[in-house]
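Data first, discussion second: the structure below is written as structure tokens.
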Amino acid sequence: MLTISLTHYVILSALLFSIGLFGVITKRNAVAVLICIEIMLNAVNINLVAFSKYITPIDFTGQIFSLFVITVAAAEVGIGLAIIIAIYRNKLSVNLDDFDLLKW
């Protein structure tokens, strides 16, 4: 019988984080970049819960930290989408190359 070890969780988390990082680097759509950041945060949550399960199975520290990460991610999405909508109203585009509001 095949058991899932900590290595499996770490590999899954590394793959998810790599996919998210690739998306953040290559995407030009602001909404797609926010989604890729969420994928990266989910990879962090997998690591937190997996290490908590295998290192300290009695304590719920990893789960508690992952709840904080989920809360921060929800706030990030809310504020990020509000900023994107405000910029879209002015520029009529969500392309990151068009965001030059802070350039001199």
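Read in full-length UniProt numbering, the sequence shown has 12 at position 12, and its numbers run on one by one without any break. Beta carbons: idealized from backbone N, C-alpha and C, even for Gly. These figures come from a predicted structure and were not determined experimentally.
- By the C-beta criterion, the stretch 36 to 56 is judged to be in contact with the stretch 11 to 20, since at least 3 inter-stretch pairs fall below 8 Å.
- By the criterion of a C-beta distance shorter than 6 Å, Leu96 is surrounded in its chain by Arg28 and Ala30, once the five residues flanking it on both sides are discounted.
- For Val94, no alpha helix (DSSP H) encloses it, and the DSSP letter there is neither H nor E.
- The C-alpha of Val77 lies about 10 Å from the C-alpha of Thr71.
- Its chain contains Cys36, Ile39 and Met40 as the residues whose beta carbon lies nearer than 6 Å to that of Gly20, once the 5 sequence neighbours on both sides are disregarded; these appear in chain order.
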